[in-house]
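Contents: one structure, followed by commentary.
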């Protein structure tokens with residue numbers, strides 16, 4: 177079956193929505209070098225709330241991008257890790273990240289040239 181992202185009924189839009197979700201990029205990048213505990217992820221990804229981190233991790237797990245491992249310890253120890261599918265997302269996300277970091281000056285200059293946003 178051929179998928180067409182431009183079609184309103186195409187299931188590829190579900191995938192694109194997940195990839196484009198605000199915190200997905202940060203979580204996938206944070207897990208690039210191996211498994212992390214929830215607290216370490218929350219510390220690494222500045223600005224994310226615990227509630228949003230939980231919700232996003234659950235969605236990423238549901239979509240097969242992240243695995244959750246519970247270790248039988250006291251207190252319980254949980255780690256999150258990219259699956260093979262999740263690791264495959266690192267390549268395109270790295271390209272987007274590099275593009276964003278490279279073009280910060282141009283985007284900021286364009287914004288400054290337009291002036292304050294409340295004037296539009």
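Numbering (the working numbering), first residue to last: 177 to 296.
Note that beta-carbon positions come from the ideal geometry of N, C-alpha and C, so glycine has one too.
#1: In the DSSP assignment, what are the bridge partners of residue 243?
#2: Ignore the nearest five residues each way along the sequence and tell me which others in residue 261's own chain have a CB closer than 7 Å to its CB.
#3: Where do the N-terminal and C-terminal ends of the alpha helix (DSSP H) with residue 291 fall, by residue?
#4: Quick one: any contact between the stretch 260-278 and the stretch 195-208, if contact means 3 or more CB pairs under 8 Å?
#5: Decide if the stretch 184-192 is in contact with the stretch 211-230; the criterion is three or more beta carbon pairs, one per stretch, under 8 Å apart.
#6: Short of 8 Å in beta carbon distance, which residues of its chain neighbour residue 199, apart from the five on each side in sequence? Order them along the chain.
#7: From residue 177 to residue 193, what distance separates their C-alpha atoms?
#8: Could you work out which residue in 212, 278, 219 is closest to residue 246 when comparing CA atoms only?
#9: Give the DSSP-derived three-state secondary structure of residue 263 in the structure shown.
Taking the structure as given:
#1: Assignment of beta-bridge partners to residue 243 by DSSP yields 257.
#2: Excluding the 5 residues flanking it on each side, residue 261 has same chain C-beta neighbours closer than 7 Å at 240, 241, in chain order.
#3: In this chain, residue 291 is not harboured by any alpha helix (DSSP H), its DSSP state being neither H nor E.
#4: Yes: the two stretches touch, three or more of their Cβ pairs being nearer than 8 Å.
#5: As far as the Cβ criterion goes, the stretch 184-192 does not touch the stretch 211-230, which means the pair count is below three.
#6: Apart from sequence neighbours up to five positions away, the residues of its chain that approach residue 199 with a beta-carbon distance below 8 Å are 221, 224, 228, 229, 232, ordered along the chain.
#7: In a straight line, the C-alpha of residue 177 is about 20 Å away from that of residue 193.
#8: The option with the nearest alpha carbon to residue 246 is 212.
#9: For residue 263, the three-state secondary structure derived from DSSP is helix.
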